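Participant: Could you have a look at this structure, given as structure tokens, before my questions?
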């Protein structure tokens, strides 16, 4: 990902589930709006609505209040969207219909953040041919770059490398954001940071999603590089500050 601030559609994916995609989406929203951009957030498929957890779009609305935020389809069970649709006997998400919704938002906004579900290759829905499609397929279909949210701890290097390789094979530009940098980092976190920094475009502190919304919005630009409309431009200074 270059240092030029990205506009248009951007896909937010992760190396796994529960890595912080939603809070990162909210942070990018807050930073972009602080820079004067009109931001839309779109969640193609929300699963697990029967669990009582706050829907991802509601979390983004609470933390960052984008100009537009919507979910295209919701399913009760906490499964991959295609599996959840099948269990609920509901209509699965269709690739080109989702692409059209993103393009419609892009016509009215400067930045459209599309948050996936789980990792990059999770089955999201069906193509007209009946084949499953993933967020990687969506990125190729609409020509959008991707933000990869990853963990800071043990195991992240392999998961991140696999995700970046899958995007590179599809010629999808991408950058990495640490979803939760610990307050008291250990050796493994610093070692992983050194390996990830060449691809990094942001790092959120652990617990960012629990901040009061006003504090979250004021703080978000400092967690992201100019590519994501933030002001973080020196990882050495950042490391010295957090340590």
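Numbering (this note's numbering), first residue to last: 1 to 243.
Where a beta carbon is used, it is the ideal one built from N, C-alpha and C, also for glycine.
Predicted model only: the values in this text are computed from it and were never measured.
1) Do residue 223 and residue 202 have their CB atoms nearer than 8 Å?
2) Using the rule of at least 16 other Cβ atoms within 10 Å of the residue's Cβ for burial, across every protein chain shown, is residue 68 buried or exposed?
3) Between the Cα of residue 50 and the Cα atoms of 26, 38, 79 and 32, which residue gives the shortest distance?
4) Specify, as a first and last residue, the run of the alpha helix (DSSP H) that residue 235 falls within.
5) Can you give me the start and stop residues for the alpha helix (DSSP H) that residue 213 sits inside?
6) What residues match up with residue 70 in a beta bridge as DSSP calls it?
7) Are the Cβ atoms of residue 169 and residue 139 separated by less than 8 Å?
8) Do residue 98 and residue 44 come within 8 Å of each other at the CB atom, strictly closer than that value?
9) Please name the residue in 81, 56 and 167 whose C-alpha comes closest to that of residue 89.
10) Quick check on residue 147: does DSSP put it in helix, strand or coil?
11) Any chance you could list the beta strand (DSSP E) runs of at least 3 consecutive residues sitting entirely within the segment 155-193, in chain order?
12) By Cβ distance below 6 Å, which residues in the same chain neighbour residue 233 in space, the five residues on each side in sequence not counted?
Facilitator: Taking the definition as stated:
1) Against the chain shown, residue 223 aligns to sequence position 223. Against the chain shown, residue 202 aligns to sequence position 202. Yes, the pair counts as a contact, with Cβ atoms nearer than the cut-off.
2) As a first step, residue 68 is located in the chain shown; it is residue number 68 there, counting from the start. With fewer than 16 Cβ atoms within 10 Å of its Cβ, residue 68 is classed as exposed.
3) In the chain shown, residue 50 corresponds to position 50, counting from 1. With distances taken between Cα atoms, residue 50 lies closest to 79.
4) Within the chain shown, the letter at position 235 stands for residue 235. Its alpha helix (DSSP H) spans residues 235-242.
5) Here residue 213 refers to the residue found at position 213 when the chain shown is read from its first residue. Start and end: 213-219.
6) Counting from 1 along the chain shown, the entry for residue 70 is found at position 70. DSSP lists 42 as the beta-bridge partner residues of residue 70.
7) Position 169 of the chain shown holds residue 169. Position 139 of the chain shown holds residue 139. No, the Cβ-Cβ distance between residue 169 and residue 139 is not below 8 Å.
8) Here residue 44 corresponds to residue number 44 of the chain shown, with the count starting at 1. Here residue 98 corresponds to residue number 98 of the chain shown, with the count starting at 1. Between residue 44 and residue 98, the C-beta gap is smaller than 8 Å, which places the two residues in contact.
9) Walking along the chain shown from the start, residue 89 turns up at place 89. Out of 81, 56 and 167, 81 has the C-alpha closest to the C-alpha of residue 89.
10) What you label residue 147 is simply residue 147 of the chain shown in a count that begins at 1. In this structure, residue 147 counts as strand in the three-state DSSP scheme.
11) Listed in chain order, the complete beta strand (DSSP E) runs (minimum 3 residues) inside the segment 155-193 are 174-181.
12) What you label residue 233 is simply residue 233 of the chain shown in a count that begins at 1. By the criterion of a C-beta distance shorter than 6 Å, residue 233 is surrounded by no residue of its chain, once the five residues flanking it on both sides are discounted.
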